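Q:
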Amino acid sequence: MDGLECDKKIIRVGSRKSQLALVQTHLVVDMLQHHYPDIEFKVITISTQGDQILDKPLSKIGEKSLFTKELEIALEDLKVDIVVHSLKDLPSTLPPGMAIGAVLHRDSPYDAVVFSATKYAGQKMSLSELPEGSVIGTSSLRRVAQIKRAYPHLKFADVRGNLNTRLRKLDATNGIYDALILAEAGLDRMGWSERVGEVLDEGNCMYAISQGAMAVECRSFDIETLELLSKLSHKETLLRCLAERALLRTLEGGCSVPIAVFSKVAEEGNSLLLRGGVFSLDGSESIILEEAARLDVHSESAPTSSATKDAADHQNGDTGEPESKRKRRLSCPYAEVAQGHKVPPEAISSRYLSVKRKDCPYFSGIIARNLPHDTLERAEKVGIDLALKLKKAGADRILNEAKAENDKLKAIMNEERRLNEANQTLLKDICHKVVKSAGSGQGPLDTVKQVIKDHGNIRENLMKEQKVEPSGSPPEIPQVCPLKHKLT
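As structure tokens, then:
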């Protein structure tokens, strides 16, 4: 293991259960196996909340970490040692004790258009060629806001499920969708590149933060695993995604507001360009700005002298450090071992605790042991500075209005779901009581009326308790009863 001391023969790798997630996880495992042939990597699948809720758009669910929370709980509980993610799924602020130990080479960050094989078989299509009113399937507010601006003749509808499910919906004989917008990287990894009908460049649709990049998350105090993962990181991708995540974190954005980016590291590797945009939900308003800075990423030297001095000051108890550096030091993830995190007794050893400040570069959730601190700081600063420029130009207002509008839509969907569940309960109750009263002498219609009256009273009382005005009349008598055959 290249001099790395390791008493662990098996590393447990956490993954979501979807086909794409497993494809990505096995890609990472193959890379690790190449570097560490003497270690066994065991994949453990875990179902996440985002995998289970398939009837609502992600932006309407209202939860963070939809595809990561259960995996991170498994990490904290020591059930897995590392977790493979699509980096765009990871929130810009990670839970305490967690860190991104590797950011792999970024595949295409762009969005791709997949056209219905039923409606447009054998035709070479583009969004501009679709007929007026064609329906585009996507649950991404970012995509809708940008594509509406470029193609106002199109309509949009939510679509959920894994890639396989979405494509089945697209190609269904009576399907409503003319095309889907999907991440090109996911289609490539699944071997479905031939389905791509059009790739949207940054002029039409800037991409999501960290889209196209995979990341490996681990416990932030597990130095041995961090060292192991460091061989996987791709420097240019890491720096671009670091800047993008810093932008998102400073804007306090997520999937409930439309934020998009484009980033590029110069060929010589010494400068980073980041373009960011914020949009209203309908795309009618937007602010798009750029920020750039030198990085000198070609340098492979140890951390800068200022960082080394910071480490020495910390070890010597020097309290004269600037407040910003003090906060950086106190946020060092290795310090979290002493803050109640679950660590097995046998692990309280040099493996976790033998670490100096210079070994702890922690930026926007990323630990990059093989890059100089000053390079990481500059990349992070590009994202922060761009976010501040966007805020100064009015981004907060646009994002707050978008969030408020999305919250209203979310509340409407929740009310519709609640009423639908109430109607289902009413239907079951009617069928049950009609059958039960068949021999009591009471007519079926009288029984149905009484059940509806009882449910109406319950509904009214609930509304009063919640101080909500009833949104409509009580449900009508259902036209079909599942137990109708028992009533004859």
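First residue of the sequence shown: 1, per this note's numbering; consecutive thereafter.
For every residue, glycine included, the Cβ atom is placed at its ideal position computed from N, Cα and C.
Given the structure is predicted, the values throughout are model-derived calculations rather than measurements.
Per DSSP, which residues does ALA293 bridge with? Please list them.
A: DSSP output for ALA293 lists LEU272 as bridge partner(s).
Q: If I'm right that GLU202 touches LEU127 with Cβ under 8 Å, what's the distance once you round it to whole angstroms?
A: Rounded, the Cβ-Cβ distance is 15 Å, inconsistent with contact.
Q: Closest by CA to GLU132, which one among GLN33, ALA243 and TYR151?
A: Comparing Cα positions, the closest option is TYR151.
Q: With a cut-off of 8 Å, do at least 3 Cβ pairs link the segment 13 to 23 to the segment 155 to 168?
A: Touching, yes.
Q: Is LEU390 near GLY283, with beta carbons less than 8 Å apart?
A: No, these two residues do not count as a Cβ contact at 8 Å.
Q: Could you tell me if SER220 is buried or exposed, where buried requires 16 or more neighbouring beta carbons within 10 angstroms of its beta carbon?
A: SER220 should be labelled buried.
Q: How big is the Cα-Cα spacing for SER193 and LEU388?
A: Rounded to whole angstroms, SER193 to LEU388 spans 38 Å at the Cα level.
Q: State buried or exposed for SER47, treating a residue as buried only when at least 16 other CB atoms are found within 10 Å of its CB.
A: Classification for SER47: exposed.
Q: In the DSSP assignment, find the beta strand (DSSP E) that holds LEU180 and state where it starts and stops.
A: Unbroken beta strand (DSSP E) run through LEU180: 179 to 183.
Q: Quick one: what does DSSP say LEU200 is sitting in, helix, strand or coil?
A: Three-state result, LEU200: strand.
Q: Spell out the partners DSSP gives ASP77 in its beta bridges.
A: Answer is none; ASP77 lacks a bridge partner.
Q: Look at the alpha carbon of LYS264 and the alpha carbon of SER140, and state the distance between them as a whole number of angstroms.
A: Between LYS264 and SER140, the C-alpha separation is close to 23 Å.
Q: Looking at the structure shown, is ASP89 part of a helix, part of a strand, or coil, going by DSSP?
A: It is helical.
Q: Name the one or two DSSP bridge partners that MET98 has.
A: According to DSSP, which records beta bridges pairwise, MET98 is partnered with ARG219.
Q: So who's on the other strand from ARG12, going by DSSP bridges?
A: Partner(s): LYS42.
Q: Can you name, in chain order, every residue of its own chain whose Cβ lies under 6 Å from the Cβ of GLY212, other than the five neighbours on each side?
A: ARG106, ASP107, SER108, PRO109 and ALA185.
Q: Around the C-beta of ASN400, are 16 or more other C-beta atoms found within 10 angstroms, so that it is buried, or is it exposed?
A: Under this definition ASN400 is an exposed residue.
Q: Compare the Cα-Cα distances from GLY365 to each of ALA292, ASP188 and ALA246 and report the closest residue.
A: Residue ALA246 is the option with its Cα nearest to GLY365.
Q: Going by CA-CA distance only, name the one from GLU377, LEU273 and GLU217 that's closest to MET98.
A: Residue GLU217 is the option with its Cα nearest to MET98.
Q: Name the two residues that bound the continuous beta strand (DSSP E) containing LYS264.
A: Note, LYS264: beta strand (DSSP E), 259 to 265.
Q: Inspect the beta-carbon positions of GLN424 and MET214 and report whether they are closer than 8 Å.
A: No, the pair does not count as a contact, with Cβ atoms beyond the cut-off.
Q: According to the neighbour-count rule (16 or more other Cβ atoms, all chains shown, within 10 Å of its Cβ), is GLU268 buried or exposed?
A: With fewer than 16 Cβ atoms within 10 Å of its Cβ, GLU268 is classed as exposed.
Q: Roughly how many angstroms separate the alpha carbons of VAL261 and LYS392, rounded to a whole number?
A: Cα to Cα, the separation comes out at about 18 Å.
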